[in-house]
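Residue numbers (our numbering), protein chains in the order written: chain E, 1 to 99; chain L, 100 to 319.
All C-beta atoms in this analysis are idealised placements derived from N, C-alpha and C, irrespective of residue type, glycine included.
These numbers come from a predicted model, not from an experiment.
These notes concern the structure reproduced below.
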């Protein structure tokens, strides 16, 4: 695990440092800007789906789905971040305790 | 003016500290040690990447897939840096320090001000406030969760996807990004039964690259 912690940390720092160090014209390319904007959206959306519905290679709908549903309602209602996260955890715990 | 900037910075710091509590708790819940969890917040210091790393590894993905996802999410900090460089005008050691503080919150606060001096103050004040609160929150969350018997009974495994949903939701207002998000979800879910854990998220990244390279209608 330490290797992943350190490799990931170094990689993320190098990207930050590269950003404040590279010439400005890099950002002039609209494709770079578009990929930069779309990459977090694609990754985060995929993480939401896989961490809710995947267990290893299996796709399942379990107590986590209830948590995600509560989170979605909270996000839609513009609830604070901690309410979103705590609400999802609480809903999952309750469903798990009842089933 | 200065007081208002600092006040906003502290407010954002406290909010991210609360977010860090959940990171600390989730990271230790999926098997990272307290020390590893704290080093991630100190050294990686970019929330979405940290959640992704522990999330992918925690759901059985290879460490390399977790690192790749974390670093890909970190590419947006590079783009922030390109925008911030002319405002910050830092070099040498200052640049090394400033680079570490280039995150969502500090960039938003730096670019929200029209006056360059207020922008610079917003960047440093927000970056430092978030750094202090993020690491304090992480440590408290990690220590708190490590004394729990079974994190699953508290539903902590649903906290990470909820966090990702909260992070991505504001970006889905544009039609193009919403479509890319939908295709990314389909690619990740459809590939889950067939590839190693962690890989589906990287396939979703390819969706973003393909969409970014695609010639836009009307570009001709």
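{"query": "Residue 153 of chain E, enclosing alpha helix (DSSP H) - first and last residue", "result": "Given a span of 1 to 99 for chain E in the structure shown, any question on residue 153 of chain E remains unanswerable."}
{"query": "Where residue 2 of chain E falls, given that 16 or more other Cβ within 10 Å makes a residue buried", "result": "exposed"}
{"query": "Three-state secondary structure assigned by DSSP to residue 151 of chain L", "result": "helix"}
{"query": "Same chain, Cβ closer than 8 Å to residue 319 of chain L, five either side skipped, listed in chain order", "result": "At residue 319 of chain L the pLDDT is 38, less than 50, meaning the model places this residue with poor confidence; the figure from the coordinates comes in the next sentence. Around residue 319 of chain L: no qualifying Cβ."}
{"query": "Uninterrupted alpha helix (DSSP H) stretches inside the stretch 144-195 of chain L (no shorter than 4 residues)", "result": "146-157, 162-187"}
{"query": "Selected residue, minimal CA-CA separation from residue 45 of chain E, among L:312, L:299, L:309", "result": "L:299"}
{"query": "Coil, strand or helix - residue 227 of chain L by DSSP", "result": "helix"}
{"query": "Cutoff 7 Å; reference residue 120 of chain L; Cβ partners in own chain excluding five residues on either side", "result": "236, 239, 240"}
{"query": "Beta-bridge pairing of residue 59 of chain E - partner residues as DSSP gives them", "result": "E:54"}
{"query": "Simplified DSSP state of residue 84 of chain L, which is helix, strand or coil", "result": "Missing from the structure shown is residue 84 of chain L; chain L here goes from 100 to 319 and no further."}
{"query": "Residue 147 of chain L vs residue 172 of chain L beta-carbon contact at 7 Å", "result": "yes"}
{"query": "Integer Cβ distance of residue 257 of chain L from residue 88 of chain E, believed to fall under 8 Å", "result": "5 Å"}
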